[in-house]
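Peer 1: In my numbering, the protein residues as written are 1335 to 1699.
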Ligand SMILES: Nc1ncnc2c1ncn2[C@@H]1O[C@H](COP(=O)(O)OP(=O)(O)OP(=O)(O)O)[C@@H](O)[C@H]1O
Ligand SMILES: [Mg+2]
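1) Assuming the contact rule is C-beta atoms closer than 8 Å, residue 1616 and residue 1680 should be a hit. Round their C-beta distance to whole Å, please.
2) Go ahead and pull the three-state DSSP assignment for residue 1585.
3) For the stretch 1593-1602 and the stretch 1642-1660, state whether three or more C-beta atom pairs, one from each stretch, are separated by less than 8 Å.
4) Got a sec: does ligand 1 put a non-hydrogen atom nearer than 7 Å to the Cβ of residue 1346?
5) Which complete alpha helix (DSSP H) runs does the stretch 1348-1389 hold, if anything under 4 residues is left out?
6) So what's residue 1450 in DSSP terms, helix, strand or just coil?
7) Tell me whether residue 1531 counts as near ligand 2, meaning its Cβ is closer than 7 Å to at least one heavy atom of that ligand.
8) Report the three-state DSSP secondary structure of residue 1704 (helix, strand or coil).
9) Alpha carbons only, please: which of 1548, 1559, 1551 is nearest the one belonging to residue 1540?
10) Taking only runs of the beta strand (DSSP E) that begin and end inside the stretch 1644-1678, which ones reach a length of at least 3 residues, in chain order?
11) At the level of alpha carbons, what is the spacing between residue 1511 and residue 1578?
12) What is the C-beta distance between residue 1380 and residue 1528, in whole angstroms, given that I count them as a contact (C-beta under 8 Å)?
13) Tell me, please, whether the stretch 1382-1396 touches the stretch 1568-1584 by the rule of three or more beta-carbon pairs shorter than 8 Å.
14) Any heavy atom of ligand 4 closer than 7 Å to the beta-carbon of residue 1692?
15) What are the residues that DSSP puts in a beta bridge with residue 1507?
16) How about residue 1589 and residue 1685: are their beta carbons less than 8 Å apart?
17) Out of 1564, 1696, 1630, which one is the CA nearest neighbour of residue 1601?
18) Mind checking whether residue 1674 and residue 1625 have CB atoms under 8 Å apart?
19) Considering only residues of the same chain and omitting the five flanking positions on each side of residue 1670, which have a CB-CB separation below 8 Å?
20) How big is the Cα-Cα spacing for residue 1364 and residue 1338?
21) Give a yes or no on contact between the stretch 1513-1529 and the stretch 1548-1566, applying the rule of three or more CB pairs nearer than 8 Å.
22) Between residue 1407 and the rest of its own chain, which residues show a CB-CB distance below 7 Å, the 5 nearest in sequence each way excluded?
23) Could you spell out the range, first to last residue, of the alpha helix (DSSP H) harbouring residue 1542?
24) Are residue 1538 and residue 1555 touching if we call contact CB-CB under 8 Å?
25) Spatial neighbours of residue 1504 within its chain, please: CB distance less than 7 Å, with the 5 preceding and 5 following residues excluded, ordered by chain position.
26) Could you tell me which uninterrupted alpha helix (DSSP H) segments, each at least 4 residues in length, are contained entirely in the stretch 1544-1609, listed from first to last along the chain?
27) Near residue 1707, which residues of its chain fall below 7 Å by C-beta distance, leaving aside the five closest residues on each side in sequence?
28) Is residue 1549 near ligand 2, in the sense that its beta carbon is under 7 Å from a heavy atom of that ligand?
29) Would the beta-carbon of residue 1378 be found less than 7 Å away from any heavy atom of ligand 1?
30) Got a sec? Which residues, its chain only, sit under 8 Å from residue 1469 by beta carbon, not counting five neighbours each side?
31) Looking at residue 1498 and ligand 2, is the gap between the Cβ and the nearest heavy atom below 7 Å?
32) Exposed or buried, what is residue 1413 when buried is set at 16 or more other beta-carbons lying within 10 Å of its beta-carbon?
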């Protein structure tokens, strides 16, 4: 399977820098998600790799083929890049049935009638739209149309698949099911998938690698769980995880004593780093704020959001608000006192730059 390399790729639209000097290495068989807020440049990156948008500068290779190089005037058209693309605003052909929409590309590739029929039946069954084979797009719901578009993209079995928010029109339940199907599909086909989403949960659960972008700039490129645990900066830490990480202003003295939220703690970094005296932001994941009877600290319950499987509790400690997630069907009384402790890792960020200083454990003093 081909690997994809981007070297120093930028895209300017007039004065807007949509993508800023991006280096990215997509290994063969990877499921890479481009993740970031609206307007950060995700679609533009995908379109440049596919050949639908011309970079302002840089170099892109797919497999051992240079498909774009601004220095050497190389710019292969999309059809020479051997990739499948599912647009953010997919368009089905309105005058063709579901079957014809999917068959069209395969007919162009000179597939036999029998091969086309069996491939389409397989896809329609997988995407659970087999009963709509003879309907026209206007006779389908948005979610059903989206699944037809997915089937059409998958039909020729492209080795590299680009998908731009392919599940955005589906309801929550179907989206979950389709995520599982897409992950399965990736496993079964050996394809390299580049996937765009602004949904952090989708990125976390689907990908082998997540690429977080803000304002056209790469923030971090890592597998999902390591990125969740070791965010490179405050932006990444805040973007991953729901409910979001707690961020509390603090101060670190030269000897590793941390004061925050009216508390004093010793911070022991997991890796050897020079901490230095400075203002910091203390980052604590909600699942590491543990409400427990013999917790070392006391807080007041501000609000609770029980969902059955877990409860999100907002606590107040010395005027600072802390979010805790408690697993199970438990609830707490508002305005009551509870005891809690910090469990597992805390991340310290430099307050000024937002960069991660270290990950470590807190021991209350
Ligand atoms: N053809 C264009 N002309 C001018 N500016 C553009 C053009 N296409 C995109 N942009 C700008 O480039 C930036 C990146 O756009 P892009 O569509 O890549 O964002 P995105 O991350 O895909 O966002 P979304 O999640 O909303 O789809 C935005 O500021 C956008 O306004
Ligand atoms: Mg987009």
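Heads up, the beta-carbon is just placed ideally off N, CA and C, and yes, glycines get one too. Because the structure is a prediction, the values reported are computed rather than measured.
Peer 2: This is what the structure gives:
1) The residue labelled residue 1616 in the question sits at position 282 within the chain shown. The residue labelled residue 1680 in the question sits at position 346 within the chain shown. Confirmed, Cβ separation roughly 6 Å.
2) Here residue 1585 corresponds to residue number 251 of the chain shown, with the count starting at 1. DSSP places residue 1585 in strand when its eight states are reduced to three.
3) yes
4) Working through the chain shown from its first residue, we reach residue 1346 at position 12. Checking the Cβ of residue 1346 against ligand 1 gives no.
5) 1376-1384
6) Against the chain shown, residue 1450 aligns to sequence position 116. Here residue 1450 sits in helix by DSSP.
7) Sequence index remark: in the chain shown, residue 1531 carries index 197 (1-based). No - ligand 2 has no heavy atom lying nearer than 7 Å to the Cβ of residue 1531.
8) The structure shown does not extend to residue 1704, since the chain is modelled only from 1335 through 1699, so no value can be given for it.
9) Reading the chain shown from its first residue, position 206 is the one you call residue 1540. For residue 1540, the nearest C-alpha among the options comes from 1559.
10) 1644-1651, 1654-1661, 1671-1676
11) Residue 1511 sits at position 177 when you count from the first residue of the chain shown. Residue 1578 sits at position 244 when you count from the first residue of the chain shown. If you take the alpha carbons of residue 1511 and residue 1578, they lie about 24 Å apart.
12) Locating residue 1380 in the chain shown gives position 46, counting from the first residue. Locating residue 1528 in the chain shown gives position 194, counting from the first residue. 6 Å between Cβ atoms; contact.
13) no
14) Looking at this structure, you won't find ligand 4 anywhere; what it does contain is ligand 1 and ligand 2.
15) Indexing the chain shown from 1 puts residue 1507 at position 173. None, per the DSSP bridge assignment.
16) In the chain shown, residue 1589 corresponds to position 255, counting from 1. In the chain shown, residue 1685 corresponds to position 351, counting from 1. No; because the gap between Cβ atoms is not below 8 Å, this pair is not in contact.
17) Taking the chain shown and counting its residues from 1, the one referred to as residue 1601 is at position 267. That would be 1696, whose Cα lies nearest to the Cα of residue 1601.
18) For the purposes of this step, residue 1674 is taken as the residue at position 340 of the chain shown. For the purposes of this step, residue 1625 is taken as the residue at position 291 of the chain shown. Yes, the Cβ-Cβ distance between residue 1674 and residue 1625 is below 8 Å.
19) Numbered from 1 along the chain shown, position 336 holds the residue referred to as residue 1670. The residues are 1634, 1635.
20) Residue 1364 sits at position 30 when you count from the first residue of the chain shown. Residue 1338 sits at position 4 when you count from the first residue of the chain shown. Looking at the two C-alpha atoms, the distance is approximately 10 Å.
21) no
22) Locating residue 1407 in the chain shown gives position 73, counting from the first residue. Closer than 7 Å at Cβ, skipping near neighbours: no residue.
23) Walking along the chain shown from the start, residue 1542 turns up at place 208. No alpha helix (DSSP H) contains residue 1542, which DSSP labels as neither H nor E.
24) Taking the first residue of the chain shown as position 1, residue 1538 is located at position 204. Taking the first residue of the chain shown as position 1, residue 1555 is located at position 221. No, they are not a contact pair.
25) Looking up residue 1504 in the chain shown gives position 170. Hits under 7 Å: 1477, 1480, 1512.
26) 1558-1563, 1568-1573
27) Since the first residue of the chain shown is 1335 and the last is 1699, residue 1707 is not available in this structure.
28) For this step, residue 1549 is matched to residue 215 along the chain shown. Every heavy atom of ligand 2 is 7 Å or more from the Cβ of residue 1549, so no.
29) Your numbering for residue 1378 matches position 44 in the chain shown. Checking the Cβ of residue 1378 against ligand 1 gives yes.
30) Numbered from its first residue, the chain shown carries residue 1469 at position 135. Counting only Cβ-Cβ distances below 8 Å, and skipping sequence neighbours, we find 1431, 1432.
31) To locate residue 1498, count along the chain shown from 1; it is residue 164. Yes, Cβ of residue 1498 sits closer than 7 Å to a heavy atom of ligand 2.
32) As a working note, residue 1413 is residue 79 in the chain shown. Exposed, by the Cβ-count rule.
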